[in-house]
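In UniProt numbering, the protein residues as written are 1 to 736.
Ideal Cβ placement from N, Cα and C applies to all residues, glycine included.
Reviewing the structure listed below.
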C-alpha cells in the first residue's frame, strides 16, 4: 500500500488499494502534513512543529501536538502506522508516502521529457493553497515555502521548455512556455523562451506583437525597460526577411498542433475534466488577467497576415458616441481543399455577423466585396473608420472536423490583439455552426472589451472611458466575484447619459445575476428595481435580445417558469446562437417536468465531448440538468468547472457534493459538503429540496423525483462532513 501526499495546490492525501482520498479535516493536521512534506528527510522535531503550529512558547504546545497527532491517527484509521511514525523527539513520514513536492524537486536534474512533464503536471497552484492558521510563525514559514516551491516549478518548467525545443517539438515547447509565463508573468527569461518558440511556431510577426505586450507590461507595472538580451532577441526578429521562418513549417510537420498538455499552468483541473481549447485558454487567461489586463489575449497560432506598419489613425470613427465600439467583420475565407464547406461558410459568415449586429457593444460596419491582400488589414480598418477589424478562415480537417481561425486587429496600432483556433466535430453541421458561432463571438467580444479598456487613462471619467472600464470588468467578473461597486459604476454612467442602452443593459444584468446567485441583500427591492429598469430598456430597445433574456431570468428568479420559458424562446428567435438562453431553456424544461425535453435542449447546446459552457451560471446549470438526467459523472465534471471558477457559492458546492456522492466519490463529496456548509451554513438539504418549485410552491413530479434523489445524496455527504467537524470541535481549542 502506498500513499500520495499532494501539497502543491490544495492539500490532498490519497491511498492505493483501493485508490481513494482520505479526508483530513483538521486545520492543524493538514498544516502538520505540509510541514512533514517539506522538511529535510521528511521528518521534523516535535518542538519545531509545535512552535510553528501554535503561537508563543507556551509549555502546552507539546501537549497540543500530542493531541493533534491523536486527531490525525483517528482520521487515518488503520493506515496511521503505515503513514507516519512518532517518537518522543520527532515525527516522520514513512517510505510508503510519495509527495508531489519531492517529485518536483527530483525533476530539477532530469533531462527527459516524460519525467519533466509529469513533474510540471503536479503544479496545481501555490504550495499549501488551502492552508490557513492564525499563527504568525506558520504564516511566515508558509510564505517562504511557497516561494521555494514556485522557484522549483519555474526551474523544472524552464528545463522542460528547453528540452522540448532541443528535440524539435516546438509547439509543445510553446504551450509549456506559456504555462510557465502564467506562473511567473514578470520573469523575463521565461518571456524570451516564449518569444523564441512563438517565432518558430507562429512567425516573427506574432512574436513581435507578444514582445510589445510584454514591454508595455514592464513599463506600466515596474517602470522599467526589457533587459538588453530581450531587446537583442527583438532585433534578431526585425532582421529576418520573412514573417515565417522556414523552421516554422518544418516544426509544424514535426509537432502537429494539439491542445495544451493536461495540467499545464498555475492551476490544473481534475483529470476527468476535459476542457475545450477555447475555454481552457479563457480560464488560464482569466487567471493572468487578475494580475494585469494588458496581457489577457495573445495570438496562440500563426496570424494570417503580418503586423501592419504604424500609420496615422483616422480622424473620426463610424460611431455614435454611445459607447459602442466600431468593428468591421471580413468574411471568413475557405482554405484550399475545404470547398465542400462552402455552404457552411456562407451560413457561418451570416451567423457571426448577425450576432454582432444584435450585440449591444459594437457598431458593425459594412465591408466591401473586394478585400485587401494579406498584410493590409489595418489599412482597410482605417479606410472604413473602424477601430477594430475581424478576419479569419475556415478549414476542413480529417474525421470531418471543422477548424475556424479568428483574429482581431487594432486599427490604431496596426497589430493583432488576439488569435484563436477553434476546432469542433462536423458530424452535425447545424450543431457545429452554433458552437463555432458562439465561441467565435465570445472570443472576439472579450478580446475587444479588454483591449479597449486599456486605451483610457485612469483619470479619464468620461462616459466612454467609464463604459470601456466597466465593460472589461463585466468580462472579468464571469470568472470571479463581481466588484462591490460595479452597480454604482453603471448608475454613474446613467447619471451622465440616462438613455445609454449599454449601461442600462449591464445594470439590469448585474442586478439579475445578483438575485439569481442568492447574493442580494434585499430581493424584493432588487426585483422592483429590475421591473423599472426593464421598462426603460423596453422603450429604448424594444427588440433587444439581452432585455428579453433578463426578463426570462427575472421570471425564473420569481419562479414563474412558464413565463421564463417564453422569454428564453423569444431570445432564441432574435439571436439563434444565444448560448445562455439555450442552456436556461434546458434548465426550465427540467423544472417544468419536461425532463426529456430539457435534456434534449441540454444535448443540443452543450457539447458532450468538451465543455463549452462559458460562465459559472451555465456550468452549474449543465451540472444540475445532468443530475436530473442521471448522468452523474458528467454532472460532477461540469459542477467541478463551476466550483473551479467561483468556489464561494454555497449552493453550487452543495450540488457538486451531491454529484460526487452519486458518482461514488464519497471522500470528495464529504470535502465538497464541508465547503458548502462553510460558505452557506443555512443552505440545508431542506432548502435544496425547494429547487424547481414554482411561485405557488408546486413542483413537477418528474423533476421532483430526480431532485429528491440528489437531495438525499447531499444529505449523506453533509452528515459525514458535520460529524467530522464535530470531532474536530471536541478537541481542546488550543489543539486546533
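What is the residue span of the alpha helix (DSSP H) that residue i lies within?
| i | result |
| --- | --- |
| residue 670 | 666-679 |
| residue 392 | It is not in any alpha helix (DSSP H) - residue 392 instead sits in the beta strand (DSSP E) that spans 388-396. |
| residue 151 | 136-166 |
| residue 64 | 60-76 |
| residue 568 | 561-574 |
| residue 588 | 579-591 |
| residue 234 | 228-239 |
| residue 170 | 170-183 |
| residue 121 | 113-121 |
Using the C-alpha atoms, what's the distance from residue j back to residue i?
| i | j | result |
| --- | --- | --- |
| residue 691 | residue 71 | 37 Å |
| residue 345 | residue 112 | 44 Å |
| residue 699 | residue 553 | 19 Å |
| residue 138 | residue 75 | 22 Å |
| residue 537 | residue 502 | 10 Å |
| residue 766 | residue 164 | Here the chain comprises residues numbered 1 to 736, so residue 766 is not present and cannot be evaluated. |
| residue 416 | residue 109 | 39 Å |
| residue 556 | residue 550 | 10 Å |
| residue 663 | residue 633 | 6 Å |
| residue 335 | residue 422 | 15 Å |
| residue 494 | residue 411 | 29 Å |
| residue 118 | residue 623 | 30 Å |
| residue 687 | residue 1 | 42 Å |
| residue 504 | residue 362 | 15 Å |
| residue 161 | residue 195 | 12 Å |
| residue 582 | residue 567 | 11 Å |
| residue 701 | residue 593 | 7 Å |
| residue 600 | residue 681 | 34 Å |
| residue 433 | residue 3 | 47 Å |
DSSP on residue i, reduced to helix/strand/coil?
| i | result |
| --- | --- |
| residue 409 | strand |
| residue 456 | coil |
| residue 190 | helix |
| residue 91 | strand |
| residue 427 | coil |
| residue 338 | coil |
| residue 328 | strand |
| residue 649 | coil |
| residue 687 | helix |
| residue 500 | coil |
| residue 696 | coil |
| residue 79 | helix |
| residue 25 | coil |
| residue 20 | strand |
| residue 385 | coil |
Report the option in the options whose CA atom is closest to the CA atom of residue i.
| i | options | result |
| --- | --- | --- |
| residue 620 | 597, 600, 644 and 630 | 644 |
| residue 45 | 30, 29 and 62 | 62 |
| residue 496 | 524, 467, 509 and 511 | 467 |
| residue 367 | 573, 332, 342 and 675 | 332 |
| residue 667 | 339, 3 and 24 | 24 |
| residue 719 | 694, 658, 708 and 696 | 658 |
| residue 129 | 147, 118 and 119 | 147 |
| residue 455 | 442, 463, 680 and 469 | 469 |
| residue 228 | 599, 636, 142 and 188 | 188 |
| residue 707 | 694, 670 and 627 | 627 |
| residue 705 | 69, 689, 498 and 199 | 689 |
| residue 452 | 434, 215, 463 and 472 | 472 |
| residue 347 | 710, 379, 431 and 693 | 431 |
| residue 584 | 561, 596 and 574 | 561 |
Looking at the unbroken beta strand (DSSP E) that takes in residue i, where does it start and where does it end?
| i | result |
| --- | --- |
| residue 424 | 415-424 |
| residue 98 | 97-99 |
| residue 362 | 362-365 |
| residue 86 | 84-86 |
| residue 13 | 12-15 |
| residue 5 | 3-6 |
| residue 744 | Past the edges of the chain, shown from 1 to 736, lies residue 744, and the structure says nothing about it. |
Verify the contact flag: residue i, CB atom, against every heavy atom of the ligand MG, threshold strictly below 8 Å.
| i | result |
| --- | --- |
| residue 132 | For the ligand MG, the structure offers nothing, since it holds no ligand at all. |
Do the segment 325-341 and the segment 384-398 make contact, defined as three or more Cβ pairs closer than 8 Å? Flag = yes, the segment 325-341 and the segment 384-398 touch.
For the pair the segment 435-444 and the segment 568-582, tell me if three or more CB-CB distances fall below 8 Å. Touching, per the Cβ criterion.
Specify whether the segment 704-719 and the segment 653-665 touch according to this definition: at least 3 beta carbon pairs, one from each stretch, less than 8 Å apart. As far as the Cβ criterion goes, the segment 704-719 touches the segment 653-665, which means the pair count is three or higher.
Indicate whether the contact test is met: 3 or more Cβ pairs, each with one atom in the segment 148-162 and one in the segment 100-107, closer than 8 Å. With a cut-off of 8 Å, the segment 100-107 and the segment 148-162 count as touching, because enough Cβ pairs lie within range.
For the pair the segment 93-102 and the segment 28-38, tell me if three or more CB-CB distances fall below 8 Å. Between the segment 93-102 and the segment 28-38 there are three or more C-beta pairs closer than 8 Å, enough to call the two in contact.
For the segment 116-130 against the segment 9-27, are there 3 or more C-beta pairs whose distance is under 8 Å? Short answer: they touch.
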